[in-house]
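Step one of this worksheet: look at the structure below.
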Amino acid sequence: MWFDAGVNLTNARLSKDVDGVIARAQEAGVRRQLIIATNEQEAERAIALCERYPRQLYATVGVHPHDAAGVSSDYIDKLEALAKHPAVVAIGECGLDFNRNFSSEDDQKRVFSEQIQLANRLGLPLYLHEREALSTQLELLTRYCADHTPCLSHCFTGGPDDAKAYLERGHWFGLTGWLCDERRNQALLEALPILPRNRIVLETDAPFLLPRTVRPRPKMNEPALLPYIGNELAVHWQCSVAALAEQTTTNALRLFELEQERS
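Note that my numbering has the sequence shown beginning at 191, numbered continuously upward.
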């Protein structure tokens, strides 16, 4: 059994066939999925999906750095209310993205800092995005993040130096189909040996980051393809795919404080 710790199920490419996406995931052994929210409206839609598929779907609530400039005046209050839903297991996707700067750096830093403090208050993990902003993100986490707040570096693609910087803070790491991309995965492969196996979860980030090892290639990524990422990681860990599925699923359940599925 697998746990997809990051899927954009409110994205139009997936949401138009949610029933099919869920059914195909179940057939592939992907029993649970975590829906990533990137703004207030997506958080509401994610929770609605969780209510349709209890104990199969869970959700984050938060504001992505791209959306930081557009938050409502009471967005933190809205996120806090949404986060009290039993299907919500993390705050995010939040963080900093200085690569595209769709929101100003000041707006990004303000909204990120406020969400860190929200996670502290609620006792929920932070689901983190970071792109070309490592030093500033670490600075804000050091200033605002409580010791009791777990942090997941979503879609980690960095090398050993990035990994060591996050490990000093005790971060968890989400690995995606990037691992399967021989054109650009070299830094990540160099970091793999130092990533703690008990703090790694797998994510498709569907419909994005389609693993290049899928043949024939479909039009988009979806949770049913998570085992391709697991197969690739099992090669590097030199372990069985079954053992890897069990390890990464157990990790996800521990991070998000969820119960094991009863057989």
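Note that CB positions come from ideal geometry on N, CA and C, so glycine has one too.
In the DSSP assignment, find the unbroken beta strand (DSSP E) run with residue i in it and report its ends.
i    : result
W192 : 192-197
W362 : 362-365
G282 : 278-287
A426 : First, the residue type needs correcting, since residue 426 is His and not Ala in the sequence shown. Counting along the chain, H426 falls outside any beta strand (DSSP E), though it belongs to the alpha helix (DSSP H) covering 416-427.
R321 : 316-321
L400 : No beta strand (DSSP E) holds L400; DSSP gives it neither H nor E.
V391 : 390-392
Between the Cα of residue i and those of the options, spot the shortest distance and give me the residue it belongs to.
i    : options                : result
D207 : N441, F446, E412       : E412
D351 : T366, I384, R373, L365 : I384
I419 : L445, R235, C345       : C345
A233 : S325, N375, L247       : L247
G348 : Q376, R235, R245       : Q376
L239 : Q216, V220, G260, D209 : D209
N289 : M191, L324, A309, G313 : L324
R374 : I237, Q450, R402, E449 : R402
K299 : A309, L448, R389, E329 : E329
Measuring CB to CB, does residue i end up less than 8 Å from residue j?
i    : j    : result
Y243 : A280 : no
L415 : V404 : yes
P255 : H319 : yes
P224 : A195 : It should be pointed out that residue 224 corresponds to Leu in this sequence rather than to Pro. Closer than 8 Å, so yes.
A396 : A353 : no
V391 : W362 : yes
R235 : T200 : yes
R387 : Q428 : no
L399 : M410 : no
L445 : P340 : yes
Throw me the rounded Cβ distance for the residue i and residue j pair, which I believe falls under 8 Å.
i    : j    : result
R311 : L331 : That belief does not hold up - the Cβ atoms of R311 and L331 are roughly 16 Å apart, past 8 Å.
G364 : E393 : 5 Å
A433 : F193 : Incorrect: roughly 15 Å between the Cβ atoms, too far for contact.
V301 : A336 : Contact doesn't hold; Cβ gap of about 18 Å is too wide.
A249 : V278 : 5 Å
L488 : P315 : Only positions 191 to 453 of the chain appear in the structure, and residue 488 is not among them; the question remains open.
G282 : Q327 : Contact doesn't hold; Cβ gap of about 12 Å is too wide.
M191 : T366 : About 19 Å separates the two Cβ atoms, so there is no contact after all.
In terms of residue numbering, what span does the alpha helix (DSSP H) encompassing residue i cover?
i    : result
V220 : Counting along the chain, V220 falls outside any alpha helix (DSSP H), though it belongs to the beta strand (DSSP E) covering 220-225.
Y243 : Premise fails: Y243 is in no alpha helix (DSSP H) and is neither H nor E.
Let me check you understand the geometry: is the CB of residue i closer than 7 Å to at least one non-hydrogen atom of the ligand ADP?
i    : result
M191 : As presented, the structure is devoid of all ligands, the ligand ADP included, so that no description of it is given.
Practice task
Give a yes or no on contact between the stretch 224-231 and the stretch 419-427, applying the rule of three or more CB pairs nearer than 8 Å.
Solution key: Contact fails: fewer than three Cβ-Cβ distances are below 8 Å.
Exercise for the section: Take every Cβ of the stretch 295-305, pair it with every Cβ of the stretch 270-278, and state whether three or more of those distances are shorter than 8 Å. Expected result: no
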